Amino acid sequence: MMLRGRIHHEGGAAAPPPAAPPAAPPPAEPDASTLKDQDRSALIATITELRNERRDLRGRLTGFETAADTHKAAATGLQAELAALRAELETTKSAHADELVMVGIGLDDPDLQAALRSRYSREPEDGRPASLGEYVAALKGKMDGETAAEVPGWLHPFLAGAGPAGAPSTPKPRNPPRQHTPPSGDAHDALIRAARERQDWPEVARLTGMNRK
Numbered sequence: 100m101m102l103r104g105r106i107h108h109e110g111g112a113a114a115p116p117p118a119a120p121p122a123a124p125p126p127a128e129p130d131a132s133t134l135k136d137q138d139r140s141a142l143i144a145t146i147t148e149l150r151n152e153r154r155d156l157r158g159r160l161t162g163f164e165t166a167a168d169t170h171k172a173a174a175t176g177l178q179a180e181l182a183a184l185r186a187e188l189e190t191t192k193s194a195h196a197d198e199l200v201m202v203g204i205g206l207d208d209p210d211l212q213a214a215l216r217s218r219y220s221r222e223p224e225d226g227r228p229a230s231l232g233e234y235v236a237a238l239k240g241k242m243d244g245e246t247a248a249e250v251p252g253w254l255h256p257f258l259a260g261a262g263p264a265g266a267p268s269t270p271k272p273r274n275p276p277r278q279h280t281p282p283s284g285d286a287h288d289a290l291i292r293a294a295r296e297r298q299d300w301p302e303v304a305r306l307t308g309m310n311r312k
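Using the numbering used here, the first residue of the sequence shown is number 100, and each one after it goes up by one.
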């Protein structure tokens, strides 16, 4: 019976094909106003982001400029300090060289040294030697002959027989020869003070030399 049914089915008409699924509706066209709102929102977001970045960059730039100004001011201060130190060094070197010159000729009394410096500073700038050492050398060169009168008398004992200014030398007579028996004690000190007060440097040199001898 099953075979008969099968044969009957095979001999009959073919079964119809399954129906195709219905086509999907086309996507709806976006509304123009919706697109405009989306574009405007994206543009606003982009502009806001760019503004924030610009603000951050300005802040960083201001920070860099401030740091640059600070470093520049510090560099200027250091340069000024360095210039002051160099000037101080040159002054110290010059003072040390002057001290060596004066001690080299036996002139170690502070007041007499000050008197020599003062005399040197009063020389006309046009003809003034470049240094105190050159000035002492020029004075020493005048000690021979008639030009010795151009040298202050209180400097004669120090310049007579002195070596080159500033050069090491053996001990020399530092003071004028003794002319009379010097006073002693407080009286002698009083004479020195009085001579210094009236800036009588020849007398100071004489009295100081008498005291040492």
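Even for Gly, the Cβ is constructed at its ideal location relative to N, Cα and C. Treat the numbers as computed from the prediction; the structure is a model and nothing was measured.
- Item | Contact between the region 190–207 and the region 251–261 (3+ Cβ pairs under 8 Å) | Taking 8 Å as the limit for Cβ pairs, the verdict is that the region 251–261 does touch the region 190–207.
- Message: How far does the alpha helix (DSSP H) with residue 208 in it extend, from its first residue to its last?
- Response: Premise fails: residue 208 is in no alpha helix (DSSP H) and is neither H nor E.
- Item | Own chain residues within Cβ distance below 7 Å of residue 291, not counting five before or after | Closer than 7 Å at Cβ, skipping near neighbours: 303, 306, 307.
- In the structure shown, what three-state DSSP assignment does residue 243 receive? Here residue 243 sits in coil by DSSP.
- Query: Got a sec? Which residues, its chain only, sit under 8 Å from residue 247 by beta carbon, not counting five neighbours each side?
  - Reply: Taken in chain order, the residues that qualify are 241, 255.
- Item | Touching by the beta-carbon criterion (3+ pairs, under 8 Å), the region 150–167 and the region 192–203 | No: the two stretches stay apart, fewer than three of their Cβ pairs being nearer than 8 Å.
- Counting along the chain, where does the alpha helix (DSSP H) carrying residue 256 start and finish? Unbroken alpha helix (DSSP H) run through residue 256: 255–258.
- Query: Skipping 5 residues on each side, what residues in its chain have a beta carbon closer than 7 Å to that of residue 185?
  - Reply: Closer than 7 Å at Cβ, skipping near neighbours: no residue.
- Any idea if residue 108 is buried or exposed, counting beta-carbon neighbours within 10 angstroms, 16 or more meaning buried? Note that residue 108 scores 47 on pLDDT, short of 50, meaning its location in the model is unreliable and no value can be drawn from it.
- Cutoff 6 Å; reference residue 219; Cβ partners in own chain excluding five residues on either side: Correct list, in chain order: 231, 234.
- Mind checking residue 194: buried by the 16 CB within 10 Å criterion, or exposed? Classification for residue 194: exposed.
- Query: According to the neighbour-count rule (16 or more other Cβ atoms, all chains shown, within 10 Å of its Cβ), is residue 138 buried or exposed?
  - Reply: With fewer than 16 Cβ atoms within 10 Å of its Cβ, residue 138 is classed as exposed.
- For residue 185, verify whether its CB is less than 7 Å away from any heavy atom of the ligand SAM. Among the components modelled here there is no ligand, and therefore nothing to report on the ligand SAM.
- Message: For a test of the three-state rule: what should DSSP assign to residue 140, helix, strand or coil?
- Response: In the structure shown, residue 140 sits in a helix (DSSP, three-state: H, G or I).
- Task: Can you tell me the Cβ-Cβ gap for residue 297 and residue 210, rounded? I've got them flagged as a contact below 8 Å.
- Result: Taking the Cβ atoms as the reference, residue 297 lies roughly 12 Å from residue 210, outside the contact range of under 8 Å.
- Message: I need the DSSP call for residue 202, collapsed to helix, strand or coil.
- Response: Assigned with DSSP and collapsed to three states, residue 202 falls in helix.
- Message: I'd like the list of long-range same chain contacts for residue 238, defined as Cβ closer than 7 Å, with 5 residues on each side in sequence excluded.
- Response: Result list for residue 238: 250, 254, 258, in chain order.
- By how many angstroms is the C-alpha of residue 176 removed from the C-alpha of residue 243? C-alpha separation (whole angstroms): 53 Å.
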